[in-house]
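Taken in order, the sequence shown gives residues 7 to 212; the numbers are from the numbering used here. Glycine residues also receive a C-beta, built at the ideal position from the N, C-alpha and C atoms. This structure is a prediction, so every number in the text was calculated from the model and none was measured. Below is one structure, written out as structure tokens, with a few remarks after it.
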Amino acid sequence: MKVNEELSRIRARIMNCTACPLHVGRKNPVPGEGPADAPLLLVGEAPGREEDETGRPFVGMAGRLLTEMLKEAGVPRSSVYITSVIKCRPPGNRNPKKGEIEACRGYLLEQIAAVRPEVVVLMGNVALNSLKEVWKLPGGNIGEISGELYDRGDFKVLVTYHPAGVLRDRRRKRPLFVSHIRLAVKEAVKKRGEGWLGLRLEEFEG
Ligand code: SF4
């Protein structure tokens, strides 16, 4: 099956999913968006109010900051695949519960398998904790394990801050987030070749 067809099939299942209680209060599930062959796949936490209204990921303030930071790191937002651990909005934007994360995890893993990115970027604690055991990532908080590429065979994993966390501590976290994404972009250029977006490896050295 072609990647686009596979992603459409996953999307259709998410749109009709009733596997956890979050389906009751959602206006729109938010499956994710981006090129089907994106070398970078970014994973956030869960849809918020604006994402629930529009059905699109990262469209609120944190999303606008994410778009800016990606650009600063050298890639347009339209070149990466963006999704989240949970596809339906938790009431009042509370943290997703363990059972909800487990119910939804299969969709995320299927999306990763379909897109086959070079780097999966886990943004924030919820994304990190939801896959930490599955991918046997090292212990420690985000500050301790971010900014390094962990090889998981078919792809590498990079941990960084959630854009909403960057919003609350821009001065310190914004440059870190941008440097982490640059590391992921460099890896993507190495793997996909310098033709990807016309980027040159030397732009990401140092
Ligand atoms: Fe299904 Fe995930 Fe939505 Fe729960 S959050 S209803 S598992 S798509």
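- In the DSSP assignment, Ile88 is bridged to Glu39, Leu48.
- Within the region 67-116, complete alpha helix (DSSP H) segments of at least 4 residues are found at 67-79, given in chain order.
- Nearest to Glu78 by C-alpha distance, out of Arg188, Gly153, Pro97, is Arg188.
- The criterion of a C-beta distance shorter than 7 Å is satisfied by Glu56 and Val65.
- In terms of Cα proximity to Leu134, the closest of Ile148, Ile92, Met75, Pro63 is Ile148.
- A direct Cα-Cα distance of roughly 20 Å separates Pro45 from Arg111.
- Per DSSP, reduced to three states, the secondary structure at Lys196 is helical.
- Taken atom to atom, the span from the alpha-carbon of Leu128 to that of Asp58 is near 21 Å.
- With contact defined as three or more Cβ pairs closer than 8 Å, the region 137-153 and the region 161-168 are in contact.
- Cβ atoms of Val91 and Ala52 come within 8 Å of each other, at about 7 Å.
- Boundaries of the beta strand (DSSP E) harbouring Thr166: 162-166, taken from the DSSP string.
- The ligand SF4 has no heavy atom closer than 6 Å to the beta-carbon of Ile16.
- Looking at the backbone, the Cα of Pro27 and that of Phe210 are separated by about 44 Å.
- Around the ligand SF4, the residues whose beta-carbon falls short of 5 Å from at least one of its heavy atoms are Ile20, Cys23, Ala25, Cys26, Leu28, His29, Ile92, Lys93, Cys94, Ala109, Cys110, given in chain order.
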